[in-house]
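> Structure incoming, see below.
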Amino acid sequence: MFEQKKYTHINKPKQIKMRIGYISPDFRKHVMFNFYHSILKYYDKNKFEVICYSINEPDENTFYLKGLVDKWVDISNLSYQDSAEIIYKDEIDILV
């Protein structure tokens, strides 16, 4: 059994925008596309910074969604620990 790294979340000064991260294997042609499309297209870019963490093979819908957000990270080939490290370093306020 391996030991997992524990992350400490310290109260830091707030960024100007709240950072919201979405992690999914369904940023592609999938029933969830309609759900993600509305959220990612219409969020208030003055108040929020959106980062998507993709766990799927890209298709045309993936590339479309990628153009709607502030940052896109493909974590499909990473371990859980490496993915967690990236998300932690991005200082996400809310992860969905």
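Okay, so the sequence shown: first residue is 7 according to my numbering, each after it adds one.
C-beta: ideal position from N, C-alpha, C; glycine also.
The model shown is predicted, which means the values in this text are computed figures rather than measured ones.
From the DSSP output, in three-state form, read off Phe-54 for me.
Working through the sequence shown from its first residue, we reach residue 54 at position 48. Note: Phe-54 maps to strand in three-state DSSP.
> For Thr-14, count neighbouring Cβ atoms within 10 angstroms of its own Cβ and tell me buried if that reaches 16, exposed if not.
Your numbering for residue 14 matches position 8 in the sequence shown. So Thr-14 counts as exposed.
> Need the endpoints of the beta strand (DSSP E) that Lys-77 sits in, please.
The residue given as residue 77 occupies position 71 in the sequence shown. Unbroken beta strand (DSSP E) run through Lys-77: 77 to 80.
> Are at least three pairs of beta-carbons, each pair with one atom in the region 20 to 34 and one in the region 48 to 61, less than 8 Å apart?
Yes, they touch.
> Measuring alpha carbon to alpha carbon, tell me which of Val-79, Glu-97, Leu-71, Asn-62 ends up nearest Ile-45.
What you label residue 45 is simply residue 39 of the sequence shown in a count that begins at 1. Cα-wise, what sits closest to Ile-45 is Leu-71.
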